[in-house]
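If you read the sequence shown in our numbering, its first letter stands for residue 21, the second for the next number, and so on.
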Amino acid sequence: MIFSVTASAPARSPRRLVIFGEFYLDLVFYDLPALPRLGEEVKTRRFAELPGGGLATTALVAAGLGTATAAVTRVGGDARLSPAWQKLARSRVSVEACEFSSHFPTARTVCASYDGDRMMITHDAINQGLEKLLDLPRVRRQLQSAKHLHLACALWPARTWIAAIRRLRESGLTVSADIGWNPQLFRSPELRRLLGELEFTFPNEIEARAMTRERSIERAVKKLAEWVPVPVIKLGAAGSIALQDGKLVRAKSIPVRSIDATGAGDAFNGGFLHGYLAGWGLEDSMRAGNVCGALATTAAGGSCAIPTAKTLRRLMRSTRVELATGRF
Numbered sequence: 021m022i023f024s025v026t027a028s029a030p031a032r033s034p035r036r037l038v039i040f041g042e043f044y045l046d047l048v049f050y051d052l053p054a055l056p057r058l059g060e061e062v063k064t065r066r067f068a069e070l071p072g073g074g075l076a077t078t079a080l081v082a083a084g085l086g087t088a089t090a091a092v093t094r095v096g097g098d099a100r101l102s103p104a105w106q107k108l109a110r111s112r113v114s115v116e117a118c119e120f121s122s123h124f125p126t127a128r129t130v131c132a133s134y135d136g137d138r139m140m141i142t143h144d145a146i147n148q149g150l151e152k153l154l155d156l157p158r159v160r161r162q163l164q165s166a167k168h169l170h171l172a173c174a175l176w177p178a179r180t181w182i183a184a185i186r187r188l189r190e191s192g193l194t195v196s197a198d199i200g201w202n203p204q205l206f207r208s209p210e211l212r213r214l215l216g217e218l219e220f221t222f223p224n225e226i227e228a229r230a231m232t233r234e235r236s237i238e239r240a241v242k243k244l245a246e247w248v249p250v251p252v253i254k255l256g257a258a259g260s261i262a263l264q265d266g267k268l269v270r271a272k273s274i275p276v277r278s279i280d281a282t283g284a285g286d287a288f289n290g291g292f293l294h295g296y297l298a299g300w301g302l303e304d305s306m307r308a309g310n311v312c313g314a315l316a317t318t319a320a321g322g323s324c325a326i327p328t329a330k331t332l333r334r335l336m337r338s339t340r341v342e343l344a345t346g347r348f
């Protein structure tokens with residue numbers, strides 16, 4: 021495995037994964053003929069309402085591949101009538117530790133997908149103070165049976181999350197995070213300490229450059245490796261790149277016809293975490309992530325094209341990992 025739990029940690033389920041973070045009702049407009057400018061309107065016949073955000077997509081992909089997975093988030097009472105929430109609630113993902121708020125509506129994101137990329141507008145007042153969920157007894161019970169915790173949220177304010185992650189690691193959990201596009205945190209002097217509490221992190225190419233202020237992706241992954249044991253940077257159609265113990269690992273993706281990039285990075289996370297908890301090495305975990313991320317772009321949202329475990333293994337065999345033997 022890439023990492024191992026400390027010997028003093030209590031016994032845990034060998035593959036139990038908890039995803040903690042933000043849930044969104046995604047309204048996805050895709051296959052757009054053009055991008056509208058202010059004052060203009062563009063029409064498309066392609067639309068979907070889906071469970072969105074890193075939490076839902078990562079959890080659905082990991083669970084769909086066979087990893088025992090639980091999700092912990094906060095949603096509004098309106099979620100109970102939403103097909104998007106019901107897709108998550110009726111899946112293999114456990115949602116029994118989630119909180120229903122009577123004060124705020126469920127977070128929503130409007131996604132416009134065009135030419136292999138997307139733009140988003142979000143309302144998420146309900147996600148303020150999300151870290152308080154970690155103190156709920158039902159959430160603690162979920163974490164006690166887990167081996168790995170993945171954080172799919174902004175991790176702000178950084179000092180609050182540094183203390184929270186440290187406590188979780190002391191209990192025996194390994195922890196990863198995908199903080200998404202978060203310029204406030206990227207500029208924070210606490211970013212380095214925060215990432216140092218993680219086993220690995222999953223920025224995309226743009227986020228990695230913003231975090232490190234490096235133009236070269238190779239220099240960006242090198243700098244991130246000074247902060248977090250294994251940084252894994254997602255490169256879209258070009259696959260992914262990581263650094264472990266001074267060795268650079270590049271993993272290619274598979275060719276697909278992309279129609280919507282929404283959630284592709286989160287699908288990568290789900291595939292990678294499935295491999296990690298199955299005991300695979302870094303290279304195979306990256307290849308699993310690449311396959312899941314690529315397939316996610318072939319349908320609306322990130323969780324509508326999840327491969328079976330058998331299909332994943334077949335597609336992984338069609339990719340090749342290039343391992344640079346030199347050290348930085």
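Every residue, glycine too, gets a C-beta built ideally from N, C-alpha and C.
Treat the numbers as computed from the prediction; the structure is a model and nothing was measured.
Quick check on the DSSP output: what are the complete beta strand (DSSP E) runs of length 3 or more inside the segment 234-279, in order along the chain?
250-254, 260-264, 267-271
Span of the alpha helix (DSSP H), counted from its first residue to its last, around F206
Bounds of the alpha helix (DSSP H) holding F206 are 203-206.
Bridge partner(s) assigned by DSSP for E69:
Answer is L47.
G309 - containing alpha helix (DSSP H), residue span:
302-316
Given 8 Å, three or more beta-carbon pairs between the segment 300-309 and the segment 247-262:
yes
Count the other CB atoms within 10 Å of the CB of R128; is the residue buried (16 or more) or exposed (fewer)?
buried
Within this structure, are the beta carbons of R212 and W181 separated by less than 7 Å?
no
With a Cβ-Cβ cutoff of 7 Å, do A320 and A68 count as a contact?
yes
Please confirm if the segment 39-56 is in contact with the segment 157-176, defined as three or more CB-CB distances below 8 Å between the two stretches.
The segment 39-56, when compared against the segment 157-176, does touch it at the 8 Å Cβ threshold.
Assuming the contact rule is C-beta atoms closer than 8 Å, A228 and V241 should be a hit. Round their C-beta distance to whole Å, please.
Right, the Cβ-Cβ distance comes to about 7 Å (below 8 Å), so this counts as a contact.
Can you check whether the CB of I146 is closer than 7 Å to the CB of R94?
yes
Between which residues of its own chain and K243 is the CB-CB distance below 7 Å, once the five residues before and five after are set aside?
T232, E234
Close-in-space but distant-in-sequence residues of the same chain around V62 (CB under 6 Å, 5 per side omitted)
L52, A54, P56
My guess is that F49 and T126 are in contact by the Cβ rule of under 8 Å, so how many angstroms apart are they, rounded?
That pair is no contact at about 19 Å.
If L302 and A245 are in contact, beta carbons under 8 Å, what's the gap, nearest whole angstrom?
Actually they do not touch by this definition, with Cβ atoms about 13 Å apart.
Straight-line CA distance for T331 to A298?
16 Å
Where R100 falls, given that 16 or more other Cβ within 10 Å makes a residue buried
The residue in question, R100, is exposed, as its Cβ has fewer than 16 Cβ neighbours within 10 Å.
Taking the alpha-carbon positions, what's the A184 to E151 distance?
8 Å
Report the residue from F222, A76, E60 whose alpha carbon sits nearest the alpha carbon of V113.
A76
Does the separation of the CB atoms of I326 and V81 fall below 7 Å?
yes
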